[in-house]
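Below is one structure; the comments refer to it alone.
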Amino acid sequence: IVTNGKVGFLVNSVAEMAAKIKEIDTIKREDCRKRVEEFFSIEQMINKYEILLRKN
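Right, dumping it as structure tokens:
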């Protein structure tokens with residue numbers, strides 16, 4: 001879900017996380033919103049639940 005450097009940062013340690021906090025302004029809010037809407041819109045959630053329920 002996280003695209004490194006576009007809608008967040010992937011890190012392996014607390015030290016890396018602390019360093020990336022300084023770069024948080026490089027992340028665009030619009031890109032984050034689009035990503036959330038893409039994965040978690042009502043339509044997407046309904047589709048995912050339907051798929052899950054059909055598997056069971």
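For the sequence shown, position 13 (counting from the first letter as 1) is numbered 13 according to the working numbering, and the numbering increases by one without interruption. Where a beta carbon is used, it is the ideal one built from N, C-alpha and C, also for glycine.
Query                                                           : Result
Endpoints, the alpha helix (DSSP H) within which D31 is located : R29 to F40
Identified DSSP bridge partners for N4                          : G8
Proximity to K6 [Cα-Cα], best of E23, A19 and F39               : E23
Which of helix, strand or coil DSSP assigns to E43              : helix
Simplified DSSP assignment, three categories, for K48           : helix
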